[in-house]
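The opening position of the sequence shown corresponds to residue 137 in this note's numbering, with each subsequent residue numbered one higher. Note that the Cβ used here is the ideal one computed from N, Cα and C, for glycine as well. Quantities reported herein were computed from a predicted structural model and do not represent experimental measurements.
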Amino acid sequence: MTSATVRKNPYIRNPYIVGPPISEPELFFGRRKKFDFIEDNLRQGAQVILFYGQRRIGKSTVLKQIPNFVGQNDFVFVQFDLQNKSQLPLSRVLDSLGQAIINQLQLWSDHSKLPTVTELKTNPTLFYESFLPKVYQELGYKKLVLLLDEFDVLSSDNPASSKESSVNTFFPYLQSLIEQDQRLFIITFIGRQLDDMPKLLGLFKGAPSQKVGLLSERNATELITEPAKGSLTYDSEAIDAILALASGHPYFTQVLCHALFSQARTEQKWQVTCDDVTRIVDDAIEIGEGGLTWFRDGLPIPERVIFSAVAEAQKKAERK
Ligand SMILES: Nc1ncnc2c1ncn2[C@@H]1O[C@H](COP(=O)(O)OP(=O)(O)OP(=O)(O)O)[C@@H](O)[C@H]1O
Ligand SMILES: [Mg+2]
């Protein structure tokens, strides 16, 4: 199909993704140095690696892409999201983690090698004394790396924690697990500043850590232009305007481009100008509404820059 036929199709799918983490490698931009950092540290035997960053900056996306970019020959990865697990007892969290390991690594057709929740409740050490060795036997020389998302949810630094929940038990458990089991590696993703989490830092003292931050200008430009290549083209002033508005924040860049694509499809006008960008700012804020409520609830300073940039762009548009 030619670009012209692609564009005329009223159902042409908007290629910009607003909301869920990105699993497709071709729609994922930047962050390549993060994978070098991970690979180097894993190879040097660092058992815990911490990543942290503000809401919607792309932490879960990095997590999902790790298996695509880090040494598949030597490591196997299991993704595990701790969201909604803070009120569960430790035995249930371990059960759910065990099931994730079996399912994602496609180890056994049944789950009989995993101790039951009742057994784990009476004796949580069964998880690493009985279950994990059976997993390692299947893996041969490959190392098991757990990718733990929303790690801060289970921290006792979290004010919402209750005594019975795994909040007070999971981290110390994990710490002793790591100490006793040299074959286990964990990479954690934390939605807060590490300074706000003194207990967590205390437990994993010395663990290498890195912030997930804004995309570089080059990567943000790729995120703008690549997904819609063949249908939408951007004037260089339009690219500059998006870069200025979103400051390389991947979520806001996607929000703006999503709105621009919708506008192009409605108007059948596939060359994006700087004016188009200022025209869609309101729409973009609406699309991002779900993602913007948390934003207003008080975020660190750098993120507010985007709001001021949006306000500034609007003022400029009004002056015209
Ligand atoms: N590297 C990337 N390339 C392209 N788009 C990205 C990238 N990282 C993030 N995004 C965009 O940002 C959105 C949010 O990403 P993600 O869910 O990974 O962030 P998060 O930091 O895990 O958010 P939360 O704090 O809400 O869990 C994605 O839907 C996507 O639109
Ligand atoms: Mg996330």
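Check the C-beta distance from residue i over to residue j and give it rounded, since I have them as a contact under 8 Å.
i	j	result
Ser222	Val253	Contact flag wrong, Cβ pair sits at about 17 Å.
Gln183	Ile314	5 Å
Asp217	Glu286	6 Å
Pro251	Ser266	6 Å
Leu368	Ala400	6 Å
Could you tell me the distance, in whole angstroms, from the CA atom of residue i to the CA atom of residue j?
i	j	result
Asp176	Asp246	35 Å
Ala395	Glu362	16 Å
Leu243	Leu199	22 Å
Val229	Ser248	17 Å
Ser372	Thr357	10 Å
Leu379	Thr389	8 Å
Tyr387	Pro151	14 Å
Gln407	Leu359	17 Å
Ala236	Val271	12 Å
Ile174	Leu350	18 Å
Phe306	Val413	47 Å
Asp376	Leu262	56 Å
Asn355	Val417	21 Å
Pro260	Pro334	26 Å
Gly181	Gln316	14 Å
Phe165	Gln201	10 Å
Gln318	Arg415	56 Å
Look at residue i and residue j and say whether their C-beta atoms are less than 7 Å apart.
i	j	result
Lys195	Val348	yes
Thr402	Ala374	no
Gly234	Asp288	no
Ile322	Leu282	yes
Thr258	Leu284	no
Val206	Leu280	no
Ser345	Leu224	no
Length at least 3, wholly inside the stretch 182–261: the beta strand (DSSP E) runs in chain order: Restricted to the stretch 182–261, the beta strand (DSSP E) segments that are unbroken, complete and at least 3 residues in length are 184–188 and 211–217, listed in chain order.
Inside the stretch 281–362 only - beta strand (DSSP E) runs reaching at least 3 residues: 320–326 and 345–347
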